[in-house]
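Under the working numbering, the first residue of the sequence shown carries the number 91, and numbering increases by one thereafter.
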Amino acid sequence: MFNKPIVAEDLEKRVSAKLIAKRVVVFQTLGSTNDFAKRLAQNGEGCGTLILTNEQTEGHGRQGRRWYAPANAGLWFSIILEPTQPTDMFGLVSLLAAVALAKTIERITFLSPALKWPNDVLINSKKVSGILLESQFSNNRSASLVLGIGINVNQKQTDFPEEIRQTATSLRAQTKHAIDRVSLLIDFLHNLEYFYLKFNDGNFGLIIDAWKERCPFLGKDISLQQNKDEIIGRFENLDEYGRMALRLQNGQMKYLSAGEPNFIQRGEQCYS
Ligand code: BT5
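Structure representation (C-alpha cells):
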C-alpha cells in the first residue's frame with residue numbers, strides 16, 4: 091500500500107493549507123519538478139501551485155548535481171511561491187522549508203533531524219532530504235521562487251545507489267517501518283504554510299531561531315570548498331538574511347549566502 095503512486099485527488103481531499111498547494115499537479119514520471127515549475131512560473135502560474143511526481147528521472151540539486159528520485163519511494167515536488175518580502179531575504183525560504191520538514195519528521199517519526207546549512211536535512215548524520223530554491227522571472231518580469239524538495243521516505247538502505255549509500259538515508263531505513271507519503275506531505279505543507287506566512291509577515295527571528303536550534307554544526311569548525319580552494323572557519327552564527335557567518339582563521343568574518351553557488355560544505359566535521 092505504501093508503494094502506491096500518489097494521485098492528485100489524494101492530496102486535494104486532504105490538504106488543509108490555504109495558500110500552499112491550492113493547485114496540485116501530479117505526474118507519474120517527470121524529468122524535474124523544479125524545471126517544470128519554473129516553466130509554469132515563467133508563463134504566469136501563481137503562488138501556491140504544487141508539482142509532484144512519483145518518479146523523477148532528471149532530478150537535480152545545486153550546480154546541476156544529480157538527485158536520485160526512484161518511483162514511489164519518496165516525495166519529489168516543487169512549489170511556486172511569490173514572497174512579499176524583498177529578494178535579499180529570499181534565502182530564508184530555504185531555511186524555513188528545512189525547519190518545516192524537521193518539525194514534520196519529529197512529529198511523525200519521533201526522530202530528531204539535524205539541519206545542515208543551507209539546504210540539507212540529516213538523520214543520524216545521513217541526508218534524508220535536500221532542498222533546492224531557485225528564483226524565476228515571469229514574462230512580465232515579476233519574481234517568484236521555485237522551492238524544490240526531495241524526501242527519501244521508503245527506500246531501504248540497500249536501495250540507494252553505491253555513490254550515496256553511505257551518506258543518504260530514508261525515513262523507513264531510520265524508523266524500520268514504512269511511512270505513508272501522503273500523510274507526511276500533508277503535515278509538511280501545513281508546517282510550510284505556517285512558516286511561510288511568518289516569513290511574509292517579516293517574522294524572520296522565529297525562523298532563524300528554529301533553524302539554529304536544530305543545527306549541530308553551529309559553533310563548530312567546518313570546511314567549505316570554493317572553486318578549488320578550501321576555506322576553514324568556525325560557523326559562528328546565522329545573520330538576519332540566513333547567511334552563514336564564518337569566522338576565518340585570520341579572525342575575519344565571512345558571510346556566505348545560500349544562493350552562492352560556489353560553496354560546498356564538506357569535510358568530516360560536517361557530518362560528525
Ligand atoms: C540538494 O542538492 O540536496 C537539493 C536536492 C533537491 C531535489 C528536489 S526533488 C524535487 C525538485 N526537483 C529537482 O530537480 N530537484 C528538487 P545538493 O546540495 O546539490 O546535493 C546533491 C547531492 O546529494 C548529490 O551530489 C548526491 O551526493 C546527494 N544525493 C543525490 N540524491 C540523493 C538522495 N536521494 N538522497 C540523499 N542524497 C542524495
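The C-beta atom is built at its ideal place from N, Cα and C for all residues, glycine as well.
{"Asked": "The ligand BT5 heavy atom lying under 7 angstroms from the CB of W166", "Found": "yes"}
{"Asked": "Contact under 8 angstroms by Cβ, V236 with A127", "Found": "yes"}
{"Asked": "Residue(s) in a DSSP beta bridge with A233", "Found": "F227"}
{"Asked": "Simplified DSSP state of V97, which is helix, strand or coil", "Found": "coil"}
{"Asked": "Distance cut-off 7 angstroms: R152 Cβ against heavy atoms of the ligand BT5", "Found": "yes"}
{"Asked": "Helix, strand or coil at V114 according to DSSP, with G and I counted as helix", "Found": "strand"}
{"Asked": "Cutoff 7 angstroms; reference T147; Cβ partners in own chain excluding five residues on either side", "Found": "T119, G121"}
{"Asked": "Assigned secondary structure, R156 (DSSP; H/G/I helix, E/B strand, else coil)", "Found": "strand"}
{"Asked": "Any 3 or more C-beta pairs closer than 8 angstroms across the segment 134-154 and the segment 174-184", "Found": "no"}
{"Asked": "Three-way DSSP call (helix, strand, coil) for D210 in this model", "Found": "strand"}
{"Asked": "For Q264 and V97, the rounded distance between their alpha carbons", "Found": "26 angstroms"}
{"Asked": "Buried or exposed (CB count within 10 angstroms, at least 16 for buried), I195", "Found": "buried"}
{"Asked": "Range of the contiguous beta strand (DSSP E) that encloses Y345", "Found": "343-346"}
{"Asked": "Residue from L185, I198, S228 whose Cα sits closest to the Cα of D210", "Found": "L185"}
{"Asked": "Reduced DSSP secondary structure (H/G/I, E/B, other) of G136", "Found": "coil"}
{"Asked": "Sequence-distant residues of its chain with Cβ nearer than 8 angstroms to L109 (five each side left out)", "Found": "C137, G138, E283, Y286, L287"}
{"Asked": "Whether S313 touches G181 by CB criterion (8 angstroms)", "Found": "no"}
{"Asked": "Candidates I141, I276, S260, R129, of which the one nearest L201 by Cα", "Found": "S260"}
{"Asked": "Simplified DSSP state of V218, which is helix, strand or coil", "Found": "strand"}
{"Asked": "Heavy atom of the ligand BT5 within 7 angstroms of I269 beta-carbon", "Found": "no"}
{"Asked": "Distance between beta carbons of I276 and V116, contact taken as under 8 angstroms", "Found": "Rounded, the Cβ-Cβ distance is 14 angstroms, inconsistent with contact."}
{"Asked": "Spatially closest choice to E224 from P173, V243, L212, A190, by CA coordinates", "Found": "P173"}
{"Asked": "Check whether A107 and L279 have beta carbons under 8 angstroms apart", "Found": "yes"}
{"Asked": "Inter-residue CB distance, T143 and W166 (contact presumed, cutoff 8 angstroms)", "Found": "5 angstroms"}
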